[in-house]
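K.L.:
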Amino acid sequence: MSVREELAGCIGLQHMLEQRAALRREMDTPPEELVALRQALATRRESLGAKQKRREELLAEQEVAQTDADALREEREHFRKQKSMVTNMKQLQAVVSELDHVDVQLKGREDRLIEIMAELEALDRDIATLQEETPDERARRELAEAAWQARNRDAAGELQAVERRLREIQRTLGEPAVARFKKLWTSRKPLAVVPLDGTSCSSCHAELRPSLVQQVRTLETLQTCDTCRRLLYDPEQFTGLV
Ligand SMILES: [Zn+2]
Numbered sequence: 000m001s002v003r004e005e006l007a008g009c010i011g012l013q014h015m016l017e018q019r020a021a022l023r024r025e026m027d028t029p030p031e032e033l034v035a036l037r038q039a040l041a042t043r044r045e046s047l048g049a050k051q052k053r054r055e056e057l058l059a060e061q062e063v064a065q066t067d068a069d070a071l072r073e074e075r076e077h078f079r080k081q082k083s084m085v086t087n088m089k090q091l092q093a094v095v096s097e098l099d100h101v102d103v104q105l106k107g108r109e110d111r112l113i114e115i116m117a118e119l120e121a122l123d124r125d126i127a128t129l130q131e132e133t134p135d136e137r138a139r140r141e142l143a144e145a146a147w148q149a150r151n152r153d154a155a156g157e158l159q160a161v162e163r164r165l166r167e168i169q170r171t172l173g174e175p176a177v178a179r180f181k182k183l184w185t186s187r188k189p190l191a192v193v194p195l196d197g198t199s200c201s202s203c204h205a206e207l208r209p210s211l212v213q214q215v216r217t218l219e220t221l222q223t224c225d226t227c228r229r230l231l232y233d234p235e236q237f238t239g240l241v
């Protein structure tokens, strides 16, 4: 394989590796609008979930308070009957005291039941409005999801093509050249092979020795920048490659 072929292979390999990374990044990064729409839905669901949980708690509390209130009312009836049957002052005082005690307890339960009703009504109103996204929000989110899925399918197709091209280039280059390139690329990615910029390295901008520039142009051997050690090529000799 000629130096020109090896350089061309490295340039192509690097280009495909960049494309692959860009496609993977793209596939991992949903558009901001979609992220915001998903977040809005998640927040809504979270809020709805919290309100539904609170509603369950209140219903349970309501049941207990209702049972207590019913029992207290029965008790009150019992003491009222007793009150009508007392035969002396001492008995009357005792029954009246019991009745007062029951009344206080019953009042507490009834007040709480009214509070629970009010909170439940407010919760039901909130839940009714929170339950669904507005049709407009839903349509926008579904549209954004569909566009993102379509884009991802395209990107997956492009990624497969890039992988195929990568394998082709690697086959053409052969293992030793691929290994050399990968070693360099691993430590210097995303750029392991860079064009001359006049008589400088286009990556680190170091001014190159005239003899090195000459060697890069004659393509007799692979040459690297003295400063950043990247492989150098003359862009005029590799037009239309990437
Ligand atoms: Zn350099």
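Every letter in the sequence shown is one number past the one before it in numbering that gives the first Met the number 0, and letter 5, counting from 1, is 4. Where a beta carbon is used, it is the ideal one built from N, C-alpha and C, also for glycine.
The beta strand (DSSP E) with Asp196 in it runs from where to where?
P.N.:
For Asp196, the enclosing beta strand (DSSP E) covers residues 192-196.
K.L.:
Going along the chain, which residues put their C-beta within less than 6 angstroms of some heavy atom in ligand 1?
P.N.:
Cys200, Ser202, Cys203, Ala205, Cys224, Thr226, Cys227, Arg229
K.L.:
List the whole-angstrom C-beta distance separating Val205 from Thr226, where the pair is believed to meet the contact cut-off of C-beta under 8 angstroms.
P.N.:
It is Ala, not Val, that sits at residue 205 in the sequence shown. Between Thr226 and Ala205 the Cβ distance is about 4 angstroms, and since that is below 8 angstroms, they are a contact.
K.L.:
What residue from Cys224, Ala160, Thr217 has the CA that sits closest to Arg208's CA?
P.N.:
Cys224
K.L.:
Is the beta carbon of Leu230 less than 8 angstroms from the beta carbon of Val177?
P.N.:
No.
K.L.:
Mind checking Leu12: buried by the 16 CB within 10 Å criterion, or exposed?
P.N.:
buried
K.L.:
Considering only DSSP beta bridges, list what Ser199 is partnered with.
P.N.:
Asp196, Glu206
K.L.:
Does DSSP put Thr42 in a helix, in a strand, or in coil?
P.N.:
The three-state secondary structure of Thr42, taken from DSSP, is helix.
K.L.:
Report buried or exposed for Leu91, applying the criterion of at least 16 other Cβ atoms within 10 angstroms of its Cβ.
P.N.:
exposed
K.L.:
Would you call Ile113 buried or exposed, if buried means 16 or more other Cβ atoms sit within 10 Å of its Cβ?
P.N.:
exposed
K.L.:
Within a Cβ cutoff of 8 angstroms, which residues of the same chain sit near Gln214, ignoring the five residues on either side of it in sequence?
P.N.:
Thr220, Gln222
K.L.:
For a quick check, are the C-beta atoms of Leu36 and Arg124 less than 8 angstroms apart?
P.N.:
8 angstroms or more divides the Cβ of Leu36 from the Cβ of Arg124.
K.L.:
Can you tell me whether Leu218 is helix, strand or coil according to DSSP?
P.N.:
coil
K.L.:
Look at Glu74 and Val101 and say whether their C-beta atoms are less than 8 angstroms apart.
P.N.:
Their beta carbons are under 8 angstroms apart, which means Glu74 touches Val101 by this criterion.
K.L.:
According to DSSP, is Thr66 helix, strand or coil?
P.N.:
helix
K.L.:
Pick from Ser210, Val212, Arg216, Arg187: whose alpha carbon is nearest that of Ser202?
P.N.:
Arg187 is the residue among Ser210, Val212, Arg216, Arg187 whose C-alpha sits nearest the C-alpha of Ser202.
K.L.:
So which of Lys80, Gly107, Pro234 has the shortest CA-CA distance to Val95?
P.N.:
Answer by Cα proximity: Lys80.
K.L.:
Starting from Lys182 and walking both ways along the alpha helix (DSSP H), at which residues does that stretch end?
P.N.:
174-187
K.L.:
Taking the alpha-carbon positions, what's the Arg179 to Arg170 distance?
P.N.:
Computed Cα separation, rounded: 14 angstroms.
K.L.:
Helix, strand or coil for Thr128 per DSSP?
P.N.:
helix
K.L.:
What is the DSSP secondary structure of Thr223, counted as helix, strand or coil?
P.N.:
In the structure shown, the three-state DSSP call for Thr223 is strand.
K.L.:
Note down the Cα distance separating Arg23 from Pro189, rounded to an integer number of angstroms.
P.N.:
14 angstroms
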